[in-house]
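See structure below.
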Amino acid sequence: MLVTHAQQLIDPNSPQMPLCAKPIGNIPNHYVTSATTNIERRYWAWVPRDENIHDFERWVDEAFVANETNEQRRFIPTEFYRNTRQSIIPINSKPVAGEQPFSYYSISSLESLGLLSEIFERTKEYREHGYYHTRLLTLCKNPRDNFRYTELMVEQHGSVSVLAKSIDKFIENDPQALFTGIGVRLVIENASILSGFVGVGHPNITSLGTYVANIEKSIGQSIRFSIGLTDVKYNGDFLPKDGLTGKVNKRLYSLKDTEFGATITLVLLLQGSDNRALYEYLQTQEVKHLCGGEVISREIGVFNNTPAPQAAYLYDASESLNQIEGQDALAKIMEAQNDAKLFISINHVGYAALEQPVANRSPRIRNNLEHCWTEPVYGAVGQQVFDNNKTWWYRSDFKDGLMTWCNYPSAG
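Per the UniProt record's numbering, residue 1 is the first one in the sequence shown, and the count goes up by one each step.
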């Protein structure tokens with residue numbers, strides 16, 4: 001069959017049927033998705049395990065024709081299997097009166113095969129000119145099984161190309177803006193530094209945003225947050241043991257594909273309508289895991305119009321793309337990420353719906369919520385000192401097929 005998004009990209013034994021779909025919403029052009037990127041190949045071949053290689057070759061031919069003629073294919077599976085991953089995402093960005101201040105969807109997010117192919121081909125061209133940093137992430141280690149992982153893995157020899165960027169702007173003496181709210185200092189061991197299958201080098205915004213959304217649910221108030229990184233020690237024998245101390249770590253790009261992790265020290269600044277309630281909640285709630293890693297240290301402090309902690313704070317760099325030439329947001333981010341002076345990288349910042357949310361899809365849907373299939377939304381993220389006008393992150397409403405974390409209240 002022809003597919004655009006498939007669980008089999010990472011699990012060839014998954015019984016979950018793939019999708020053939022594209023985002024339904026009007027996504028701003030400064031985001032990277034399959035809808036906002038000039039993709040050469042949208043459709044890919046895949047066959048279930050009970051079919052043979054000859055069926056696969058037939059679907060390869062059909063995918064070629066569909067891509068050449070720009071056919072519009074669509075298939076959303078009706079079955080939802082037990083081990084298919086789900087995330088619970090808030091619908092509204094601001095609480096409403098009542099017992100449940102926030103409403104939720106269940107989503108299942110799958111990478112766009114066409115977008116991964118586009119990144120692979122573009123970075124290959126960059127590498128031929130010798131000036132772009134990427135890492136190959138191997139998904140299939142046995143070449144004979146590549147076709148079970150979709151046609152994409154046959155074309156790319158079992159790997160995807162990941163855009164790599166270190167945390168490379170630690171600021172030790174620059175003045176930070178004044179801050180009022182709650183500060184949490186966390187040390188996380190073996191934290192994931194992957195942003196989907198697209199970027200590597202930073203914890204992703206959606207992981208921390210989801211953590212903050214869970215706090216919002218518990219205390220019934222909206223919270224804006226800021227992420228500051230003070231130390232990153234990348235895993236792997238190829239890296240210096242003291243991690244990054246303000247220098248660009250060129251060796252990041254030699255990481256083994258099984259070692260896309262790091263011990264990170266980050267500052268999470270939180271600000272809500274009732275900071276006392278927020279502080280009391282954090283004091284009583286233990287956090288064992290975050291960003292895919294184990295929290296080995298946590299310190300909570302109250303700030304009252306005092307300078308924010310020294311760190312490299314991540315901010316939404318979407319507006320910076322307007323100053324860069326390129327055919328789409330992906331091309332602009334790749335150009336910016338290759339410029340050491342800009343400190344810009346790609347990061348997972350939200351979700352684009354591939355369908356309208358569906359009620360009663362399956363008894364396996366958590367909390368009997370409406371469910372929809374989505375694909376990741378990627379954006380440009382920069383690093384700088386703390387700034388009350390620039391380094392706060394807000395969660396948008398989930399509407400018109402899009403939900404993101406961004407630097408603009410009620411924006412998407």
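Ideal placement from N, C-alpha and C gives every residue a C-beta, glycine not left out.
Span of the beta strand (DSSP E), counted from its first residue to its last, around residue i
i: residue 422; result: An answer regarding residue 422 cannot be provided, because it is not within the stretch 1 to 412 covered by the chain.
i: Y81; result: No beta strand (DSSP E) contains Y81, which DSSP labels as neither H nor E.
i: D231; result: I223 to Y234
i: I205; result: Careful: I205 lies outside any beta strand (DSSP E), inside the alpha helix (DSSP H) at I205 to I219.
i: G350; result: S345 to A353
i: V184; result: L178 to S192
i: S49; result: The identity of residue 49 in the sequence shown is Arg, whereas the question assumes Ser. Unbroken run through R49: none, as it is neither H nor E.
i: I107; result: Y104 to S109
i: R135; result: T134 to T138
i: V96; result: No beta strand (DSSP E) holds V96; DSSP gives it neither H nor E.
i: L163; result: S159 to A164
Buried/exposed call for residue i, threshold 16 Cβ in 10 Å
i: N407; result: buried
i: K241; result: Any reading at K241 must be qualified, since the residue scores a pLDDT of 37, below 50, and its modelled position is unreliable; no value is offered.
i: P23; result: buried
i: E216; result: buried
i: G199; result: buried
i: T123; result: buried
i: E118; result: buried
i: K399; result: exposed
i: Y378; result: buried
i: N83; result: exposed
i: I53; result: exposed
i: S218; result: exposed
i: P363; result: exposed
i: residue 434; result: Residue 434 lies beyond the stretch modelled for the chain, which goes from 1 to 412, so this question has no answer here.
i: L116; result: buried
i: V96; result: exposed
Residue i: first and last residue of the uninterrupted alpha helix (DSSP H) it sits in
i: W405; result: Careful: W405 lies outside any alpha helix (DSSP H), inside the beta strand (DSSP E) at L402 to C406.
i: H54; result: I53 to T69
i: R127; result: L113 to E128
i: L152; result: E151 to E155
Supposed close pair residue i, residue j - CB separation, criterion 8 Å
i: L314; j: V212; result: Wrong, their Cβ atoms sit about 14 Å apart, outside the cutoff.
i: E111; j: H30; result: Not really, about 20 Å apart at Cβ, beyond 8 Å.
i: F393; j: G209; result: Checking the sequence shown, residue 393 turns out to be Trp, not Phe. The Cβ separation is near 7 Å, so the contact holds.
i: R74; j: C140; result: Actually they do not touch by this definition, with Cβ atoms about 27 Å apart.
i: residue 419; j: Y351; result: A question about residue 419 goes unanswered here, because the residues of the chain that appear run from 1 up to 412.
i: I300; j: I223; result: The pair is not a contact, with the Cβ atoms about 14 Å apart (cut-off 8 Å).
Beta carbon proximity, residue i to chain D, threshold 9 Å
i: I88; result: The question asks about chain D, but that chain is absent: this structure has only one protein chain.
Within the region 260-342, ranges of the beta strand (DSSP E) (whole runs, at least 3 residues):
261-272, 293-307 and 312-316
Any 3 or more C-beta pairs closer than 8 Å across the region 145-161 and the region 355-372:
no
Cβ contact check for the region 332-342 and the region 395-406: 3 or more pairs under 8 Å
no
For the 8 Å Cβ check, are there 3 or more pairs between the region 178-189 and the region 289-298?
yes
Can at least three beta-carbon pairs, one atom from the region 67-84 and one from the region 324-332, be found at a separation below 8 Å?
no
Using 8 Å as the cut-off, can you tell me whether the region 227-234 makes contact with the region 303-311, which would need three or more C-beta pairs spanning the two stretches below that distance?
yes
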